[in-house]
Amino acid sequence: MEPQSETKPVMDREPDFVFLDPKKLKLFKDNSGRLRLTLERDRSYPEVKVVRAFPLSDPDHYLGLLNAKDRVIGLVADPGELDEDSRKAAADAVGGHYFVPVVRRIRSLREEFGAIYFDVDTDRGRREFVAKGIRDEMEDLGEGELLIPDVDGNRYRIADWRRLDGKSRRLLERVV
Amino acid sequence: MTDHESQIRRFLRPSEELILLTYTDIERGRSFGRRWLAVTGERVMTFSDDGAADGPEVEVPLDEVKSVKPVHLVGQLVLEAETKTQKVEVLRCSNSMSEKFGKVAKSLNDAAKDGTYKKLVEMQSKLSSITAVGG
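Chains as they are written, first to last, in the working numbering: chain D, 27 to 202; chain R, 1014 to 1148.
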């Protein structure tokens, strides 16, 4: 008799996330200000957080829903499929989670002893910050997108440096 | 006394003592801008930079506070107070001020747990140096 070949699992273990059906969940704030999640005919979570699975490469899709202990409940692939109230609640929660200002214009930039002093206009208002070792620390995300960390651990995003105004571009090109 | 301090003092009750007054660098609308944190022996309050005369934006009585904690998010810190009935976002700051407000959160939390005025006075002395920097 031929020995039966062993059946091998496709994966060593189950994936530690599940995709949630956006049509069968409700996100809403309760009276205490906490964001709640109810999965239809399943369960309810009294406090959840909403984060982006791919905050840089695909910020508009793949929202992760976490419980109060930061454990993943599941992923919503397309938040656009949520009902309107849930979509607004998710957008508000995820919007409040990230603070990565987008640089619109560089007003001035000067380099002293390896530190670069930026004065910029961002989508969150005007800001001055100091960056060090920018040539090593700056992240080039491709397609002109840059992330500039400052000395305090803040990060500033340039959506596409090629589309900045001429002065901003010239200032930036001096240091990167 | 600065203009802001005198405006904020107008909202204190006769017996209320201002223990801490400092500012954060993110305003309520989540843009860069000053927002004032005022702590008295009775309340935690925030005031907008250009609307301090309009009264507090957030007001939490200290005797209702169960805990205060710093919540570290991406690029910012949120100071969150939990009362018996709700969670209240007191303020936000960028990472540039997260160390300062981490200390504020700890001191407020200690005061909330202890329930004594003494803790807040200690907080004032602990924070005197950074309060000077932060305004």
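Cβ atoms here follow ideal geometry from the backbone N, Cα and C, with glycine treated the same way.
With a cut-off of 8 Å on the beta carbons, I'd call residue i and residue j a contact; round off their distance for me.
{"i": "lysine 52 of chain D", "j": "serine 112 of chain D", "result": "6 Å"}
{"i": "threonine 1053 of chain R", "j": "leucine 1104 of chain R", "result": "That belief does not hold up - the Cβ atoms of threonine 1053 of chain R and leucine 1104 of chain R are roughly 16 Å apart, past 8 Å."}
{"i": "tyrosine 1036 of chain R", "j": "leucine 1050 of chain R", "result": "7 Å"}
{"i": "valine 128 of chain D", "j": "arginine 78 of chain D", "result": "Not confirmed; about 15 Å, so no contact."}
{"i": "phenylalanine 45 of chain D", "j": "glycine 100 of chain D", "result": "6 Å"}
{"i": "valine 126 of chain D", "j": "valine 1087 of chain R", "result": "7 Å"}
{"i": "proline 1083 of chain R", "j": "alanine 1118 of chain R", "result": "4 Å"}
{"i": "leucine 61 of chain D", "j": "alanine 117 of chain D", "result": "Rounded, the Cβ-Cβ distance is 12 Å, inconsistent with contact."}
{"i": "serine 1111 of chain R", "j": "leucine 1092 of chain R", "result": "About 10 Å separates the two Cβ atoms, so there is no contact after all."}
Under three-state DSSP, which class holds residue i?
{"i": "phenylalanine 125 of chain D", "result": "coil"}
{"i": "proline 72 of chain D", "result": "coil"}
{"i": "proline 175 of chain D", "result": "strand"}
{"i": "arginine 97 of chain D", "result": "coil"}
{"i": "glutamine 1020 of chain R", "result": "helix"}
{"i": "glutamate 1040 of chain R", "result": "coil"}
{"i": "alanine 1114 of chain R", "result": "Note that residue 1114 of chain R corresponds to phenylalanine in the displayed sequence, not to alanine. Helix."}
{"i": "serine 83 of chain D", "result": "coil"}
{"i": "serine 1120 of chain R", "result": "helix"}
{"i": "valine 1052 of chain R", "result": "strand"}
{"i": "leucine 65 of chain D", "result": "strand"}
{"i": "glycine 59 of chain D", "result": "coil"}
{"i": "valine 1074 of chain R", "result": "One point to set straight first is that residue 1074 of chain R is proline, not valine, in the sequence displayed. Here proline 1074 of chain R sits in strand by DSSP."}
{"i": "serine 134 of chain D", "result": "strand"}
{"i": "glycine 192 of chain D", "result": "helix"}
{"i": "glutamate 1102 of chain R", "result": "strand"}
{"i": "valine 202 of chain D", "result": "coil"}
{"i": "leucine 1025 of chain R", "result": "coil"}
{"i": "glycine 1046 of chain R", "result": "strand"}
{"i": "arginine 78 of chain D", "result": "strand"}
{"i": "glycine 106 of chain D", "result": "helix"}
{"i": "arginine 181 of chain D", "result": "strand"}
{"i": "glutamate 32 of chain D", "result": "Note that glutamate 32 of chain D scores 49 on pLDDT, short of 50, meaning its location in the model is unreliable; the coordinates nonetheless yield the value given after this. Glutamate 32 of chain D: coil per DSSP, three-state reduction."}
{"i": "lysine 1097 of chain R", "result": "coil"}
{"i": "tryptophan 187 of chain D", "result": "helix"}
{"i": "aspartate 149 of chain D", "result": "coil"}
{"i": "valine 120 of chain D", "result": "helix"}
{"i": "aspartate 1067 of chain R", "result": "helix"}
{"i": "threonine 1015 of chain R", "result": "coil"}
At 7 Å on the CB atoms, spell out the chain D contacts of residue i, in chain order.
{"i": "phenylalanine 1060 of chain R", "result": "Result: empty, since nearest Cβ-Cβ is about 18 Å, beyond 7 Å."}
{"i": "glycine 1046 of chain R", "result": "Gly151"}
For residue i, go through chain R and note every residue whose CB falls closer than 8 Å to its CB, in chain order.
{"i": "serine 230 of chain D", "result": "Outside the displayed range of chain D (27 to 202) lies residue 230 of chain D, so it cannot be described from this structure."}
Using a Cβ cut-off of 9 Å, pull out every chain D residue sitting near residue i, in sequence order please.
{"i": "leucine 1025 of chain R", "result": "In chain order: nothing, as chain D lies at least about 26 Å away."}
{"i": "arginine 1041 of chain R", "result": "The premise fails here: arginine 1041 of chain R is roughly 12 Å from chain D at the closest Cβ pair, so nothing lies under 9 Å."}
Going by the DSSP bridge assignment, what does residue i pair with across the sheet?
{"i": "serine 1109 of chain R", "result": "Its beta-bridge partners do not exist; DSSP assigns none."}
{"i": "phenylalanine 155 of chain D", "result": "D:Phe144"}
{"i": "proline 1083 of chain R", "result": "R:Leu1092"}
{"i": "phenylalanine 43 of chain D", "result": "For phenylalanine 43 of chain D, which the question treats as bridged, DSSP gives no partner whatsoever."}
{"i": "leucine 167 of chain D", "result": "The partner list for leucine 167 of chain D (beta bridge, DSSP) is empty, contrary to what the question assumes."}
{"i": "leucine 51 of chain D", "result": "D:Leu65"}
{"i": "leucine 1031 of chain R", "result": "R:Thr1053"}
{"i": "leucine 197 of chain D", "result": "According to DSSP, which records beta bridges pairwise, leucine 197 of chain D is partnered with nothing at all."}
{"i": "phenylalanine 1060 of chain R", "result": "R:Trp1049"}
{"i": "glycine 90 of chain D", "result": "D:Val77 and D:Leu101"}
For residue i, which residues in chain R fall below 7 Å Cβ to Cβ?
{"i": "arginine 181 of chain D", "result": "Gly1088"}
So which residues on chain D does residue i lean against when the C-beta distance must stay under 8 Å?
{"i": "serine 1107 of chain R", "result": "Phe125, Asp178 and Asn180"}
When the Cβ atoms of the region 191–198 of chain D are set against those of the region 1116–1129 of chain R, are three or more pairs found closer than 8 Å?
By the Cβ test, the region 191–198 of chain D is not in contact with the region 1116–1129 of chain R, since fewer than three Cβ pairs between them sit closer than 8 Å.
Taking contact to mean at least 3 C-beta pairs separated by less than 8 Å, is the region 130–139 of chain D in contact with the region 178–194 of chain D?
With the cut-off at 8 Å, the region 130–139 of chain D and the region 178–194 of chain D touch.
Tell me whether the region 141–152 of chain D and the region 89–104 of chain D touch, counting them as touching only if at least three CB pairs, one residue from each stretch, are closer than 8 Å.
Segments in contact, no.
Check whether the region 148–166 of chain D and the region 1038–1056 of chain R touch, using three or more Cβ-Cβ pairs below 8 Å as the test.
These segments touch.
Stretch pair the region 1027–1035 of chain R + the region 1095–1109 of chain R: three plus CB contacts closer than 8 Å:
Judged by Cβ distances under 8 Å, the region 1027–1035 of chain R makes no contact with the region 1095–1109 of chain R, as fewer than three pairs qualify.
Does the region 1105–1115 of chain R come into contact with the region 168–185 of chain D, if we say contact requires no fewer than three beta-carbon pairs (one atom in each stretch) closer than 8 Å?
Yes, since at least three Cβ pairs between the region 1105–1115 of chain R and the region 168–185 of chain D fall closer than 8 Å, the two stretches touch.
Meets three-Cβ-pair contact criterion under 8 Å: the region 1069–1079 of chain R and the region 53–71 of chain D
Too few Cβ pairs lie closer than 8 Å, so no.
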